[in-house]
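2 protein chains.
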Amino acid sequence: MAAMPTPATPRTPTAPTRERIVQSSAELFRRQGYVGTGVKQIVAEASAPFGSLYHFFPGGKEQLGAETIRWSGALYGQLIGAFYEPGADPVAATGAFFAGAAQTLLETDYADACPIATIALEVSSSSEPLREACAEVFDSWIDGAAHALAEAGVPATRTRELAISLLAGLEGSFVLARALRSTEPVLTAGRRAQEAIAAAIDPGAIRGAPSRLR
Amino acid sequence: MAAMPTPATPRTPTAPTRERIVQSSAELFRRQGYVGTGVKQIVAEASAPFGSLYHFFPGGKEQLGAETIRWSGALYGQLIGAFYEPGADPVAATGAFFAGAAQTLLETDYADACPIATIALEVSSSSEPLREACAEVFDSWIDGAAHALAEAGVPATRTRELAISLLAGLEGSFVLARALRSTEPVLTAGRRAQEAIAAAIDPGAIRGAPSRLR
C-alpha cells in the first residue's frame, strides 16, 4: 500500500493569490494549530502581499480559518471515497487507510496528521464560527464514511456507529502518535476498526474459535 | 454512575503560590490550549504576583507547561485506577468510564475533556520538552490502563493493544464531541471499547448469535 496522499499540501505557486493563502493556512494550521499561526506568517508562506489577506477575507483570520477548515475538510473527505470504492473489501480498505496514515506520519516526521483536529480542540470553547466549521467537516466525514461502509456491504443499522468509532480511533491515535513519535497507536486503532467492521459484516466469524463455529 | 470527577479543577485558593500557578495553568491549557494562554492570564487566574511565575519557573512558560502536563497527567492517571478496581468487571468499568467522560462534557458545556490533548497537538512539532512531557503522560496512561485490564482478567497478550485503542477512542471522540457539541462520539467509542474488551475476555461470546453458539 502506497502512502496516503497528503492532499493538504498541494501548494501551487502559480495558483491565484486567494487560493495560495488558503493552501498556506491549511499547511500551517495542520502543523502548529490556528492560535499559534500569525497572519504575517500566512502571507509570507503564500508569497502574497499582506493587504491581500484582508482584501480576500474582510473578516480577517477567523474568516480565513473557517474557509480553510472547510477546504481542508473537503479535500480529506475525498480520501474516504478513494479508499472505500464501491465493491472494495471494507476490512482491507480500512487496513490500507490506517497504514497510509501511519506512513504519512513517518514521512513527515509526525507533523502531518488531521488537518483540523488541532484547531477543533483549540477553538471549540472560544470561537463559534470556527467550531461550526469543524463540526460541519466532522459531520461530512461521518456521513461519508457511513455511506462508504454501506456501499461496501456493512449492514445499514451499524454504519453510523462504525464510522464514528473509525474516525474517533483515527483522530485519537493521531494525538498519541504525534506525542509518542510512534505509529503503533495508528496501526493498533486500524486493527481495532478492521475487527469491528468484520464483526458487523459477519457476526458469526469468531477469531480464534474452532472452525466449526465459523 | 455519577459524573467522572474532574480532577484538574481542584483549585484551592489557599494553596501555596507555586501550586496555584500550576492549577490555573492546567485549567487554562485544557480549555484553550497552551499557545493561546498567556502568562499574564495564568498569574491573574492564580491570584499570584507576575514575578512569582519566573521565580518558581525560571524556564518560563515552557518549563511551567511541562510541569503542568505532568501534574495533570498524574491526576488523570489516577482516574484509571479508580474505575478499574481489582475485581471490577472491566466491561462495566469501561462503560462507566466513558459515561462519566460524556457527563463531564455535558456539565462543562463541552469544555473539559482531556487535559493535555490540545497541547500535544499544538506542540508535538514545535517544542521537544513539551512533546516529551506529553509522551511520558500518554505512556503512563497506556501502562496504567493495560495493568488495570490485566488485573481485571483480560489476557496479558491483549492488554497493551486494548489500552491503546481505548485511549485512542477516548481522545478522538473528545475531538469530535467538542466540535459537534454531542456526547454521541464518546458513548459510541465507549461501546466499541466495551465490545473489544468483552471479546478479548471471552472470544466465544458472539453478540446476537444463537445461544447454543455462546
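Top to bottom, those sequences are chains A and B. Every letter in the first sequence is one number past the one before it in our numbering, and letter 185, counting from 1, is 210. Every letter in the second sequence is one number past the one before it in our numbering, and letter 42, counting from 1, is 67. We put the CB at the ideal spot given by N, CA and C, even for glycine.
Checklist entry - Taking just the CA atoms, how far does Glu-196(A) sit from Glu-176(B)? => result Going by the C-alpha atoms only, they are around 28 Å apart.
Checklist entry - Between Ser-190(B) and Thr-42(A), what straight-line distance do the alpha-carbon atoms span, to the nearest angstrom? => result In a straight line, the C-alpha of Ser-190(B) is about 42 Å away from that of Thr-42(A).
Checklist entry - In angstroms, rounded to a whole number, what distance separates the CA positions of Gly-125(A) and Thr-39(B)? => result A straight line joining the alpha-carbon of Gly-125(A) with that of Thr-39(B) spans about 51 Å.
Next on the checklist: For a cutoff of 7 Å on Cβ pairs, would you count Val-116(B) as touching chain A?
Outcome noted: No, because no Cβ of chain A sits closer than 7 Å to the Cβ of Val-116(B).
Item to check | Within-7 Å CB hit, Thr-213(B) to chain A | outcome: Judged by the 7 Å Cβ criterion, Thr-213(B) is in contact with chain A.
Next on the checklist: Which residues of the region 177–190 of chain B have a Cβ closer than 7 Å to any Cβ of chain A? Give them in chain order.
Outcome noted: Of all residues in the region 177–190 of chain B, only Glu-186, Ile-189, Ser-190 place a beta-carbon less than 7 Å from a beta-carbon of chain A.
Next on the checklist: Using C-beta distances below 7 Å, list every residue in its chain close to Ile-94(A), excluding the 5 sequence neighbours before and after it, in chain order.
Outcome noted: Ile-141, Ile-144, Leu-155, Ala-158, Cys-159, Val-162, listed in sequence order.
Next on the checklist: Tell me which residues share the same chain as Thr-208(B) and place their Cβ nearer than 7 Å to its Cβ, disregarding the 5 neighbours each side in the sequence.
Outcome noted: So the list reads Ala-127, Leu-130, Leu-131, Ala-202, once near-sequence residues are dropped.
Checklist entry - If we call anything under 7 Å between Cβ atoms a contact, is Leu-174(A) one with Thr-182(A)? => result For Leu-174(A) and Thr-182(A), no; Cβs fall outside 7 Å.
Item to check | Neighbour list for Gly-85(B) in chain A, Cβ cutoff strictly below 8 Å | outcome: The premise fails here: Gly-85(B) is roughly 16 Å from chain A at the closest Cβ pair, so nothing lies under 8 Å.
Next on the checklist: Counting only beta-carbon separations shorter than 7 Å, does Ala-149(B) have a partner in chain A?
Outcome noted: Residue 149(B) is actually Ser in this sequence, not Ala. True, the Cβ-Cβ gap to chain A drops below 7 Å.
Checklist entry - If you drop the 5 nearest sequence neighbours on each side, which residues of the same chain put their C-beta closer than 7 Å to that of Ala-170(B)? => result Apart from sequence neighbours up to five positions away, the residues of its chain that approach Ala-170(B) with a beta-carbon distance below 7 Å are Ile-105, Ala-188, Leu-191, Leu-192, ordered along the chain.
Checklist entry - How about Glu-196(A): is its C-beta nearer than 7 Å to some C-beta of chain B? => result By the rule that beta-carbons nearer than 7 Å mark a contact, Glu-196(A) touches chain B.
Item to check | Short-range partners of chain A found in the region 98–125 of chain B, where Cβ spacing is below 7 Å | outcome: Using a CB distance below 7 Å, no part of the region 98–125 of chain B faces chain A.
Item to check | Assigned exposure category for Asp-134(A) - 16 Cβ within 10 Å defines buried | outcome: That one is exposed.
Item to check | Spatial neighbours of Ser-165(B) in its chain, beta-carbon cut-off 8 Å, leaving aside the 5 residues before and after | outcome: Once the five neighbours on either side are set aside, the close Cβ partners of Ser-165(B) are Gly-98, Ala-99, Gly-102.
Next on the checklist: Contact criterion: CB-CB distance below 7 Å. Does Leu-155(A) meet it with respect to chain B?
Outcome noted: Answer no: the Cβ-Cβ gap between Leu-155(A) and chain B never drops below 7 Å.
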